[in-house]
Amino acid sequence: MKRALGLFIGVLIISLVAHLPVSYLYPFVAPMLPKGTQVTQLNGTLWRGNAQLRVDRFEVGPVTWRFAVPRLIRLETGWQITLPQLGANALIAAKPWQLPRLSSVELTADSQPIQRQFPVLAGVATQLDMQLQNLTAGNCEATQGEIILARTQVFELPFGTVSGDINCQGNRYYVEFRNANAPISLTGSATLSAQGAYQLDAQLKTQDATLQQQLVTLFGGRADQQTFVIKQQGRM
Numbered sequence: 004m005k006r007a008l009g010l011f012i013g014v015l016i017i018s019l020v021a022h023l024p025v026s027y028l029y030p031f032v033a034p035m036l037p038k039g040t041q042v043t044q045l046n047g048t049l050w051r052g053n054a055q056l057r058v059d060r061f062e063v064g065p066v067t068w069r070f071a072v073p074r075l076i077r078l079e080t081g082w083q084i085t086l087p088q089l090g091a092n093a094l095i096a097a098k099p100w101q102l103p104r105l106s107s108v109e110l111t112a113d114s115q116p117i118q119r120q121f122p123v124l125a126g127v128a129t130q131l132d133m134q135l136q137n138l139t140a141g142n143c144e145a146t147q148g149e150i151i152l153a154r155t156q157v158f159e160l161p162f163g164t165v166s167g168d169i170n171c172q173g174n175r176y177y178v179e180f181r182n183a184n185a186p187i188s189l190t191g192s193a194t195l196s197a198q199g200a201y202q203l204d205a206q207l208k209t210q211d212a213t214l215q216q217q218l219v220t221l222f223g224g225r226a227d228q229q230t231f232v233i234k235q236q237g238r239m
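The numbering used here applies: residue 4 is where the sequence shown begins, and numbers increase by one.
In structure tokens form, the structure reads like this:
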């Protein structure tokens, strides 16, 4: 009974707020957004709407949102987000009393549209599926999650499905990743800061002579080398 009453009151409040013009509500939401986020051309309400989004020097482009009613069962507010210019879709959810923390983010995306904004990913082909819990702008200490990169190819080299566990170390996102049952074995880790600085440490293994030669061409080494170590850092 208590849960049902709480759900009813929550639905009533959310329904009233959700139908207010988003341009009226944005000044209250803006301080909760990550630093460098610019939202313009706001249209619609919290229930459904669209805008233009830019994060630092990256032009994300149009973004549309739609209220996700099923999240109310968990006493959460949620939105389906579409970023057509990046070929990405997301479901974000939050408990109103815990804002600005997001309780979860589920993201799916194709790598090809993203490469136009992040040239460092040139040559990577994959389908991304990522789930994160407990996100707060400017502080990732409580964040955990997982990432799956399906049908992954790097410069047409086959890596199959790559999976990784995400957490936070020193306010940087940290992921340990590996693949399985692929012609080239991959293990490693990567970090990413809120400012876009990244570091990659990976180890590749293969016993296929043709693939070994391709890896030598890309990373150097001997033609009979079976293990290749990659260390790279830079900015997205």
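Even for Gly, the Cβ is constructed at its ideal location relative to N, Cα and C.
Would you mind sorting residue i into buried or exposed? The rule is 16 or more other CB atoms within 10 Å of its CB.
{"i": "residue 68", "result": "buried"}
{"i": "residue 81", "result": "buried"}
{"i": "residue 222", "result": "exposed"}
{"i": "residue 23", "result": "exposed"}
{"i": "residue 141", "result": "exposed"}
{"i": "residue 155", "result": "buried"}
{"i": "residue 179", "result": "exposed"}
{"i": "residue 220", "result": "exposed"}
{"i": "residue 172", "result": "exposed"}
{"i": "residue 144", "result": "exposed"}
Reducing DSSP to helix, strand and coil, say where residue i ends up.
{"i": "residue 231", "result": "strand"}
{"i": "residue 104", "result": "coil"}
{"i": "residue 198", "result": "coil"}
{"i": "residue 77", "result": "helix"}
{"i": "residue 147", "result": "strand"}
{"i": "residue 33", "result": "helix"}
{"i": "residue 221", "result": "helix"}
{"i": "residue 5", "result": "Below a pLDDT of 50, predicted positions are generally treated as unreliable, and residue 5, at 48, falls in that range; no measurement from the model is reported."}
Determine, using beta carbons only, whether residue i and residue j come nearer to each other than 7 angstroms.
{"i": "residue 127", "j": "residue 108", "result": "no"}
{"i": "residue 148", "j": "residue 112", "result": "no"}
{"i": "residue 233", "j": "residue 212", "result": "no"}
{"i": "residue 83", "j": "residue 71", "result": "yes"}
{"i": "residue 118", "j": "residue 124", "result": "yes"}
{"i": "residue 209", "j": "residue 215", "result": "yes"}
Could you tell me which residues DSSP pairs with residue i in its beta bridges?
{"i": "residue 142", "result": "139"}
{"i": "residue 180", "result": "167 and 191"}
{"i": "residue 205", "result": "191 and 233"}
{"i": "residue 70", "result": "82"}
{"i": "residue 129", "result": "In the DSSP output, where bridge partners are listed per residue, residue 129 has none listed."}
{"i": "residue 61", "result": "58"}
{"i": "residue 156", "result": "128 and 161"}
Would you mind giving the Cβ-Cβ distance between residue i and residue j, rounded to the nearest angstrom? I have them listed as a contact below 8 angstroms.
{"i": "residue 181", "j": "residue 194", "result": "Contact flag wrong, Cβ pair sits at about 16 angstroms."}
{"i": "residue 196", "j": "residue 177", "result": "Between residue 177 and residue 196 the Cβ distance is about 10 angstroms, and since that is not below 8 angstroms, they are no contact."}
{"i": "residue 43", "j": "residue 55", "result": "5 angstroms"}
{"i": "residue 262", "j": "residue 160", "result": "Here the chain has residues from 4 to 239 only, and residue 262 is not among them."}
{"i": "residue 162", "j": "residue 239", "result": "Not really, about 20 angstroms apart at Cβ, beyond 8 angstroms."}
{"i": "residue 66", "j": "residue 37", "result": "Actually they are not in contact, since the Cβ atoms of residue 66 and residue 37 sit about 14 angstroms apart, beyond 8 angstroms."}
Compute every distance between the C-beta of residue i and the non-hydrogen atoms of the ligand COA, then say whether any falls below 6 angstroms.
{"i": "residue 53", "result": "As presented, the structure is devoid of all ligands, the ligand COA included, so that no description of it is given."}
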